[in-house]
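**Q** Numbering-wise, UniProt numbering puts 275 at position 275 of the sequence shown, and it's gapless, one number per residue.
Ideal Cβ positions, reconstructed from N, Cα and C, are used throughout, including at glycine.
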Amino acid sequence: MKGPLFYSKILLFGEYGIIKDSKGLSIPYNFYNGALKLDENPSEEAKKSNESLKRFATYLKGLDTDLVSFDFDKLQADVDSGMYFDSSIPQGYGVGSSGALVAAIYDKYASDKITVLENLTREKLLKLKSIFSAMESFFHGKSSGLDPLNSYLSLPILINSKDNIEATGIPSQKAEGKGAVFLLDSGIVGETAPMVSIFMENMKNEGFRSMLKEQFIKHTDACVDDFLKGDIKSLFKNTKQLSKVVFNNFKPMIPKQFHELWKKGIETNDYYLKLCGSGGGGYILGFTENIDIAKEALKGQKLEVVYNF
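(1) Using the beta-carbon count (16 or more within 10 Å), is Q241 buried or exposed?
(2) Would you list the residues sitting across from L275 in a DSSP beta bridge?
(3) Scan the stretch 47–127 and note each continuous beta strand (DSSP E) run of 3 residues or more that stays entirely inside, going in chain order.
(4) Taking C-alpha atoms, which residue in I105, L101 and S88 lies nearest to V68?
(5) Tell me, which residues are paired with K37 by DSSP?
(6) Excluding five sequence neighbours on each side, which residues of the same chain lie with their C-beta closer than 8 angstroms to the C-beta of S234?
(7) If you run the structure through DSSP and keep just helix, strand and coil, what is E289?
(8) Mind listing, in chain order, the continuous beta strand (DSSP E) runs of no fewer than 3 residues lying wholly within the stretch 147–177?
(9) Is L12 near V181, with beta carbons less than 8 angstroms apart?
(10) For V79, which residues of its own chain have a beta-carbon under 6 angstroms away from its beta-carbon, when the five flanking residues on both sides are left out?
(11) In the structure shown, what three-state DSSP assignment does I27 receive?
(12) Kindly indicate which three-state DSSP category D270 falls into: helix, strand or coil?
(13) Report the partner residues of Y7 according to the DSSP bridge assignment.
(14) Could you give the DSSP three-state label for D221: helix, strand or coil?
(15) Express the C-alpha separation of S49 and F85 in angstroms, rounding to a whole number.
(16) Going residue by residue through the stretch 194–250, where are the continuous alpha helix (DSSP H) segments of at least 4 residues, counting only ones entirely within it?
(17) Nearest-angstrom Cα distance between L75 and L5?
(18) In terms of residues, what are the limits of the beta strand (DSSP E) holding Y307?
(19) On the premise that G92 lies in contact with G282, defined as a C-beta separation below 8 angstroms, what is that separation, rounded to the nearest angstrom?
(20) L12 by DSSP, collapsed to three states: which one?
(21) What does DSSP give as the partner residues of D185 in its beta bridges?
(22) With 16 as the cutoff for other CB atoms within 10 Å, does G34 come out buried or exposed?
(23) Out of K256, M135 and Q301, which has the shortest C-alpha to C-alpha gap to L63?
(24) Tell me whether the beta-carbon of E14 lies closer than 8 angstroms to the beta-carbon of I159.
(25) With a cut-off of 8 angstroms, do at least 3 Cβ pairs link the stretch 264–279 to the stretch 246–256?
(26) Determine whether the beta carbon atoms of I217 and K20 lie at a separation below 8 angstroms.
(27) Would S130 and K9 be called neighbours here (beta carbons separated by less than 8 angstroms)?
(28) Roughly how many whole angstroms lie between the Cα atoms of A110 and P194?
(29) Identify, in the order they occur along the chain, each residue of the same chain with its Cβ nearer than 6 angstroms to the Cβ of L125, setting aside the five sequence neighbours on each side.
(30) For S172, collect the residues of the same chain with a Cβ closer than 6 angstroms to its Cβ; drop the 5 residues on either side in sequence, then sort them by chain order.
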């Protein structure tokens, strides 16, 4: 048995801000994927994944059945036969490893599931998002449900606010374009829950709250609009501001060995860095108007281009 593939995702803009109703833009990233599998001779990793799926199946039984119900006999039988999630998506890297798993389980076992083929009204998207939020909370404590939604639909998702999300188109890539969005590998696994609790603790501080509203959300919203319109000049101006705001106010979320590189990007304009997901490790997102210059400036770092302007 091998189920369909579910892909990783990248939240281009909106990390932390979407908790407080900023805009957000999330795109599928097909470089990594995962699928449910059964093997005759499972590896150690497959056995570990199967153990986790057993716990997940038990957790799902406790979910509100008005929201979502599953074929538990089938799920239990498959899990007991050793089913696991075979995934190339790195965990703790901010590219949605648990999101892809949630999407795969919903796709295979949910009763009356909403499918990608029907007309996806805002109501249906919000319903999917709240189902996925409840499912993914098993992994993170509190989940927005966006990662699984992105993985399940395999479409870019535009978040206008908590209750207003839509599937969207993004400007097509220019293969020969020098401008690029890239991922930098920090080499450290990030944990979502501790980062989110630092953020929630900071939110108790009035100065932090007003910075979030007047600077962070303002620039995030502008970046989303610029990106969708294809206004590259304005996009880089706003990304630079966003990079500064994050550097000055989200230090704990930036791995220490990247503080200097982060600052250097802002000072030289060779590239601008921002958080990819909750930070603390995993990937860091980079934006540059000239990928050759950025690669030179970031020599020795592991860099993957995900989108060309």
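**A** This is what the structure gives:
(1) buried
(2) I284
(3) 84–87
(4) I105
(5) K2 and Y84
(6) A222 and D226
(7) coil
(8) With a minimum length of 3 residues, the continuous beta strand (DSSP E) runs that stay inside the stretch 147–177 are 157–161 and 164–167.
(9) yes
(10) L53, K54 and A57
(11) strand
(12) coil
(13) According to DSSP, Y7 shares a beta bridge with N33.
(14) helix
(15) 6 angstroms
(16) 206–211, 217–229 and 232–249
(17) 18 angstroms
(18) L303 to N308
(19) 6 angstroms
(20) strand
(21) Under the DSSP definition of a beta bridge, D185 partners with Y283.
(22) buried
(23) Of K256, M135 and Q301, the residue nearest in Cα terms is M135.
(24) The displayed chain sequence assigns Gly, not Glu, to residue 14. It is a contact, given that the beta carbons lie within the stated cut-off.
(25) yes
(26) yes
(27) no
(28) 31 angstroms
(29) I165
(30) none
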